[in-house]
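Mapping to numbering that gives the first Met the number 0: the sequence shown position 26 is 25, numbers consecutive.
C-beta atoms are modelled at their ideal positions from N, C-alpha and C, and glycine is treated no differently.
Only a predicted model underlies this, so the values are computations on that prediction, with no experimental measurement involved.
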Amino acid sequence: MPKEWILNQANMRWGLTKKTRVGPVSELIRKCSPKSIKENVTGTVLLTM
0 MPKEWILNQA
10 NMRWGLTKKT
20 RVGPVSELIR
30 KCSPKSIKEN
40 VTGTVLLTM
């Protein structure tokens, strides 16, 4: 729930789902996605902009 809430707040605040921003935002999300299940469980991936 917290991750979804943060994404929703960011989308509303900065308009990240607007047509001109969808590509770059999707790329950042893909870069930050966990590479393995173990990495997902430990939560070692951080979002950096």
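DSSP places Arg-12 inside the alpha helix (DSSP H), whose first and last residues are 1-13. Looking at the backbone, the Cα of Thr-16 and that of Ser-25 are separated by about 9 Å. Counting along the chain, Lys-30 sits inside the alpha helix (DSSP H) bounded by residues 21-31. Rounded to whole angstroms, Thr-19 and Leu-27 show a C-alpha spacing of 14 Å.
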